[in-house]
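Report on the structure given below.
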Amino acid sequence: VAVWPNIEDRVALPAVFVELAEMEPGIDPGTGETGLACKFEARVITDPIQPDHHQQAVFLAGHLAALLRMQCWGMEVEPAEFVQG
Numbered sequence: 059v060a061v062w063p064n065i066e067d068r069v070a071l072p073a074v075f076v077e078l079a080e081m082e083p084g085i086d087p088g089t090g091e092t093g094l095a096c097k098f099e100a101r102v103i104t105d106p107i108q109p110d111h112h113q114q115a116v117f118l119a120g121h122l123a124a125l126l127r128m129q130c131w132g133m134e135v136e137p138a139e140f141v142q143g
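For the sequence shown, the working numbering assigns the number 59 to the initial residue and increments by one for each residue that follows.
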């Protein structure tokens, strides 16, 4: 378990930060493995000095949602779902 590092000016912007937000019991696969339902949060960070930073954030968030929709990354897991909170 870690906290957000002090990144100051060391991260090129725009950037997307992804973190594990929640882990809940999932369906027991009956194989000795642990079934979990995990929720991840993604934050799009843009440079507020840029004149179009709001538009850039919306554009990137939309593309990220489209990219992640129904993904399972070749693993035997249920596809990702987009959940609005």
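Glycine included, every Cβ here is placed at the ideal spot set by N, Cα and C. Everything numeric in this text was worked out from a predicted model, so none of it was measured.
Within 7 Å, strictly: CB atoms of residue i and residue j
i: VAL74; j: VAL116; result: no
i: GLU82; j: ALA95; result: yes
i: ALA124; j: PHE140; result: no
i: PRO72; j: GLN113; result: no
Cβ-based neighbour list, residue i, same chain, cut-off 8 Å, excluding 5 preceding and 5 following
i: CYS130; result: GLU136, PRO137 and ALA138
i: ASP110; result: none
Of the listed residues the options, nearest to residue i (C-alpha basis)
i: ARG68; options: ASP105, GLU77 and ALA119; result: ASP105
Residue i, DSSP secondary structure in three states
i: VAL141; result: coil
i: LEU126; result: helix
i: VAL116; result: helix
Cut-off 6 Å between Cβ atoms - residues of its own chain near residue i, not counting five sequence neighbours on either side
i: GLY93; result: GLY84, ILE85, ASP86 and PRO87
i: LYS97; result: ALA79 and GLU80
Contacts around residue i, its chain only, beta-carbon distance under 7 Å, and the 5 residues preceding and following it disregarded
i: ALA119; result: VAL102
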